[in-house]
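Asks: So the sequence shown is residues 1126 to 1831, counted in this note's numbering. The C-beta atom is built at its ideal place from N, Cα and C for all residues, glycine as well.
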Amino acid sequence: EDKGIGPEVDDIKDLSRGNKELLNDTLRITSITLSYLDGPTTLVKLEKSKGQREYIHLLYLRLGRLYLKQERIRDAAETLNTFSKYHAEHELAPFLHLQVIETYKKGGFPSQTLRAKRDFVIRYGTDSRYWKKHDEQAHERIVGYLKTNLTELAQYYHALAQKSQKRADYREAANWYQRYLNSFPQDPKAPSIRFLLAESLYDSKQYLAAADQYEQTAYDYPKHKQSAEAGYASLLAYQAHEKSLSARARKKFHPRVTNSAIRFASEFPGDKRMPKVLARAAEDLFKEKKYGQAISAADLLIKRQPTIDRKLMRIAWTVKAHSQFELKTYLDAESSYRQLLALLPARDKARAELTDRLAASIYKQGEQARAANDHETAAAHFLRVGREVPGSKLRPTAEYDAAASLISVEKWSQAITVLQNFRKAYPNHKLAADVTSKLAVAYLKVNQPKSAASEFSRIAAKSKNPAIRREALEQSADLYRKSGSKNKAIAAYKQYIKKYPRPLEKTVEMRKTIMDLYRELRMNDKALYWQKQIIRADAKGRAARTKRTRFLAAEATLELAGPVNKSFRKIRLTIPLKKSLRKKRRAMKKALKAYEKAAAYGFSDIATNATWHIANIYLRFSQDLMKSQRPRGMKGDTLEEYDLLLEEQAFPFEEKSIDFHLINIKRTTEGVYDAWVRKSYDSLKKLVPARYDRPERLEDYVNAIR
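1. Per DSSP, what kind of secondary structure is Ser1601 in: helix, strand or coil?
2. Could you pull out every unbroken alpha helix (DSSP H) segment of at least 4 residues lying fully inside the segment 1487 to 1522, listed in chain order?
3. Spatial neighbours of Ile1731 within its chain, please: C-beta separation below 6 Å, excluding the five flanking residues on both sides.
4. Classify Phe1547 as buried or exposed, calling it buried when 16 or more other Cβ atoms lie within 10 Å of its own Cβ.
5. Assign Ala1475 to one of three DSSP states: helix, strand, or coil.
6. Return helix, strand or coil for Gly1609, following the three-state DSSP convention.
7. Determine the direct distance from the alpha carbon of Arg1319 to that of Gln1449, and round the result to whole angstroms.
8. Among Gln1620, Arg1673, Arg1594 and Met1648, whose alpha-carbon lies nearest the alpha-carbon of Leu1629?
9. Is Tyr1249 near Ala1279, with beta carbons less than 8 Å apart?
10. Please report the straight-line C-alpha distance between Thr1251 and Lys1257, rounded to a whole angstrom.
11. Give the straight-line distance between the Cα atoms of Asn1690 and Lys1791, rounded to the nearest whole angstrom.
12. Does the Cβ of Val1633 have 16 or more other Cβ atoms within 10 Å, making it buried, or fewer, making it exposed?
13. In whole angstroms, what separates the C-alpha of Leu1437 from that of Glu1413?
14. Hey, how far is the Cα of Leu1096 from the Cα of Lys1401?
15. Under three-state DSSP, which class holds Ser1692?
16. Look at Val1444 and Phe1411 and say whether their C-beta atoms are less than 8 Å apart.
17. My output table needs one value for Val1534: the three-state DSSP class, helix, strand or coil.
18. Look at the alpha carbon of Leu1598 and the alpha carbon of Ala1529, and state the distance between them as a whole number of angstroms.
19. Would you check if the distance between the CB atom of Thr1383 and the CB atom of Asp1409 is smaller than 8 Å?
20. Throw me the rounded Cβ distance for the Thr1228 and Ala1263 pair, which I believe falls under 8 Å.
21. When the Cα of Leu1569 is compared with those of Asn1553, Leu1360 and Gln1600, which residue comes out closest?
22. Roughly how far, in whole angstroms, is the beta-carbon of Ala1686 from the beta-carbon of His1738, given that I think they are within contact range, below 8 Å?
23. From this set, Leu1193, Ala1365 and His1349, which residue's C-alpha is nearest Lys1314's C-alpha?
24. Report the CB separation of Leu1426 from Ala1404 in whole angstroms; it is logged as a contact under 8 Å.
25. Would you call Gly1758 buried or exposed, if buried means 16 or more other Cβ atoms sit within 10 Å of its Cβ?
26. Expressed to the nearest angstrom, what Euclidean distance is found between the alpha-carbon atoms of Met1648 and Tyr1605?
27. Using only alpha-carbon positions, find the residue among Ser1371, Ala1336 and Ser1391 that is nearest to Arg1381.
28. Measure how close the beta-carbons of Lys1575 and Ser1610 come, nearest whole angstrom, since I'm counting them as under 8 Å.
29. Taking Cβ to Cβ, would you say Leu1764 is nearer than 8 Å to Ile1783?
30. Assess, as a yes-or-no matter, whether the segment 1478 to 1490 is touched by the segment 1500 to 1516 under the definition of 3 or more beta carbon pairs within less than 8 Å.
31. Which runs of the alpha helix (DSSP H) fall wholly inside the segment 1205 to 1254 and span at least 4 residues, in chain order?
32. Given a cut-off of 8 Å on the beta-carbon distance, is the pair Leu1706 and Gln1754 in contact?
33. Within 10 Å of its beta-carbon, does Val1571 have 16 or more other beta-carbons around it, so buried, or fewer, so exposed?
34. Just list the alpha helix (DSSP H) runs in the segment 1338 to 1406, keeping only unbroken ones of 4 residues or longer that don't cross its boundaries, in chain order.
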């Protein structure tokens, strides 16, 4: 009996001793005979001609052992391999094939050993016909050999690839690792085998495939000693693949890198590499605009404070604050920016930008409140910008908006304070003009016309809109007048007249206002000048004249006639009468002309006034003539004759007076019956009592009006 094969292969123990000896002798003689012929080839031919025998494997086995004794290593191995090849489904075929491997191995034939191993796992693997034909018991007998040879094949090619750096060798290694995993997916060694598969793929620059295998190693098995390493390696593989892509493809692919990092950090929170990985992932999520996920990643880091590096904590707070800002959760963003700033050294270059972001977070809260029509809250937030971030670029805009919100809810006094502070702090700001407009309105609302006037004056001087400048100048003049600032009002009205002479009606009105203000200031000469300006402006107005300008001119003309009339009335007729009478006549003509000018404008109430005064001038001249100084020493008949002569001279003037009063009376037929018409009637009652001092006459005139 030959030793070394074991009962599985050379099991003749059930034979009697005599039969054993007979069988062994027969096998030995047959083997020797075959060795002189063509060995295994002869056996194959014999099988074909005689058919397969139950003991055929013993012939191959004994022939192979004979060759070994003869140190014909190749022939021995080839003999055993021939059986395995032609009887692959034989129950004992795998074990003869194992002898092939051992034979080559002991004989020092590495390439043949390698090929034999390959053939073994292919012929008897879990997807082979042998495996499918035989039962589980048979499987269990060879499964250990399959695992060993698969592992050795993979390791061989992996080592070869690491030396040669050839992709083909890496692919071969990966192939055997994959066969192992396909064959024994639940094997305890599967995680480590898959890790090696991933390594081979990575080394051959198949980064995406490697990443997939690393991930399976890390996450698809219960935790094992290589789990964390595989998880981290998957991230590196994704990153390596990403570098090979174009910029456009890289942008699309990057979320997979980020997801890998997040998964690693979540699964292995205790790994020393986790903080850096998570920080990078948080930054990437922010860049990908996945703000909610970015915040979650940042929070995972923040929860580890103070165990992680200060630099990483800074990244976490930065991502969190920026993400909250982008999500418009500005109150949260404000809190996060404060935390972030607390981490930074006083002279850190990033402080300025982050301080501005803090200010923006506060400002945005104001905007949100304003959008919700909560203007008081909005104003409070806007004002917080200046208090809490005094150097912020947003401060001017925020304070302006605070004032606008306060105005919206009619908090005028508060708005004024904010606007005044704005002007003081930012005199040359682009919003300064709007500040002036808002101050003007606010001052009006709190009944401070003088302050409002000052603001409108600013607008008039600085606005780029001509229409606004014009309106503001007029408003400032009116408000100065209302506030009692007469000199400033006068200056503003004068400026308006000079800059905007049309429409004429408005500027003539302003001339009258200037005249009135000078009178209030008791500056009569200047008042007189502007009274004359009313008349002159209307006269020169031509087509621009209106009924109102003519009326104001008529009114001014009538008023100017008063002093002329007064001068006339002051002149006394004295001796020598001829001289004083001449002077009196000249004065009378001036007075009459002055009133005639007023009446000529054609306004009934002006005309009745002027007509009454004309009538009164004639009457006064007549009366003054009768009251004139008599020559000295004139008495008796001479004096009587002198008086008659004066009466003859005075009577025509009295008649003229009556005529002009009658002109006034006749206006009643035109529907005019005012105080001056009544005064004319009263005068006629005195001058012609027999005719006019009767009640029924007045009724006639009243009826005529009706």
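Replies: Quick look at the numbers:
1. helix
2. 1500 to 1513
3. Ala1679, Leu1683 and Ala1723
4. buried
5. coil
6. coil
7. 41 Å
8. Arg1673
9. no
10. 8 Å
11. 24 Å
12. buried
13. 19 Å
14. Residue 1096 lies beyond the range of the chain shown here (1126 to 1831); nothing can be said about it.
15. helix
16. yes
17. coil
18. 24 Å
19. yes
20. Not a contact, Cβ separation roughly 23 Å.
21. Gln1600
22. 7 Å
23. His1349
24. 6 Å
25. exposed
26. 18 Å
27. Ala1336
28. 6 Å
29. no
30. yes
31. 1218 to 1232 and 1235 to 1249
32. no
33. exposed
34. 1352 to 1368 and 1372 to 1392
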